[in-house]
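First up is the structure itself, then whatever we jot down about it.
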Amino acid sequence: MVYTFDLTGKTVLITGGYGYLGKGITESLLWHGAVVYVLGRTREKFLNAFKNHEKLDESLFFEPCDIADTSSIQKAFKSVTEKQGGFDVLINNAFYLQGSDPLKMTDQEWEAGVDGTLNSLFRCTREAIPYLIKSSAPRIINVSSMYGMVAPEFSVYKNFPEMQNPPHYGAAKAGVIQLSRYYASFLGDEGITVNTVTPGPFPPKPVQEKKEFIEELEKKTSLKRIGKPEDLGGTFVFLASDASGYITGQNIVVDGGWTIK
Ligand SMILES: NC(=O)c1ccc[n+]([C@@H]2O[C@H](COP(=O)([O-])OP(=O)(O)OC[C@H]3O[C@@H](n4cnc5c(N)ncnc54)[C@H](OP(=O)(O)O)[C@@H]3O)[C@@H](O)[C@H]2O)c1
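Taking my numbering, the leading residue of the sequence shown gets 923, the next gets one more, and so forth.
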């Protein structure tokens, strides 16, 4: 018997699957045979991201879901289950933030950022467990950030204050790594694996236009380049597949070597 990366027969839910990194992850999952439901707030954004995709309405679907709202999450999971008979993999990828200034951040901004980075992921995890238990190879994959592992180097932002990484983001992303370990331990008896993927610098297109800032980021990596969404897909395919069935509670860092120094 050989365990492969083939995702045929698996249904994967990915929050924020039409975002910058989510789209690349979704494309990799589809290529490897998964049925993918992109959970998000805006069908138009989904259709815009995948308008010419050959798998659209075949194995690629949109499901309305606001991760800020428990009842919306419950509705989405129930609806996918009614349509698909259940699901095997939940990828907690979406996030939202408010505020960035470490000196002037309001309590409300702090709470909103932690809510969008950590609490929302907890809500989705809690609501998904009763469904995942019914899968023969259930998986939860959480998305953290290198700033959940190391502090930002502020010299990088000296000439780019608008790009400064906010304090609640990294604190909450560190919580994501630990929450994965917690649920990996708690759900082991159920056979549900829970792992984290930690991306490094993957600045989106508008940020890539700030050439000097990108050079600063590139210098900080060992591979001397920023990441592309397609650099991430393989890790999610692996963690969703039968090939990773004995891996749980781990954090796979995809950062070009940013965090090793
Ligand atoms: N890009 C990087 O350099 C980088 C580095 C490390 C980690 N990450 C992590 O990677 C993940 C994806 O980031 P990204 O760069 O692809 O960001 P992005 O393009 O902004 O995507 C975020 C996604 O989250 C969705 N979202 C926001 N609020 C939501 C809500 N209330 N309910 C449902 N969906 C919601 C957004 O949908 P709407 O457009 O509809 O709001 C969007 O699809 C995040 O967890 C991020 O922290 C990114």
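Positions of the beta carbon are idealized from the N, C-alpha and C atoms, including for glycine.
Less than 9 Å between the C-beta atoms of residue i and residue j, yes or no?
i     : j     : result
F1044 : N1081 : no
T1118 : Q1172 : yes
T933  : L961  : no
F1124 : K1150 : yes
R1061 : A1162 : yes
G1070 : K1095 : yes
L982  : T948  : yes
L929  : L951  : yes
Y940  : A990  : no
G1007 : H1090 : no
L1019 : T1039 : yes
A1059 : D988  : no
N1014 : T964  : no
P1074 : M1027 : no
I1055 : L1012 : no
V1065 : L943  : yes
P1128 : L1154 : no
A1050 : F1017 : no
V1078 : L1145 : no
Tell me, please, which residues DSSP counts as bridged to residue i.
i     : result
I1013 : I936 and I1063
E985  : L961
T1120 : V1175
T1181 : Beta-bridge pairing links T1181 to no other residue.
T1115 : R1061
L978  : L982
Measure how close the beta-carbons of residue i and residue j come, nearest whole angstrom, since I'm counting them as under 8 Å.
i     : j     : result
M1085 : D1177 : Between D1177 and M1085 the Cβ distance is about 17 Å, and since that is not below 8 Å, they are no contact.
G1156 : T1115 : Actually they do not touch by this definition, with Cβ atoms about 17 Å apart.
F927  : H954  : 6 Å
Would you mind sorting residue i into buried or exposed? The rule is 16 or more other CB atoms within 10 Å of its CB.
i     : result
P1126 : exposed
W1180 : buried
Y1105 : buried
S1102 : buried
K973  : exposed
S1107 : exposed
K1133 : exposed
P1052 : exposed
V924  : exposed
K945  : buried
G1097 : buried
F1076 : exposed
I1099 : buried
G1110 : exposed
I995  : buried
G1021 : buried
G1092 : buried
D1037 : buried
I1148 : buried
Any heavy atom of ligand 2 closer than 8 Å to the beta-carbon of residue i?
i     : result
F1124 : Ligand 2 is not part of the structure shown, which contains ligand 1 as its ligands.
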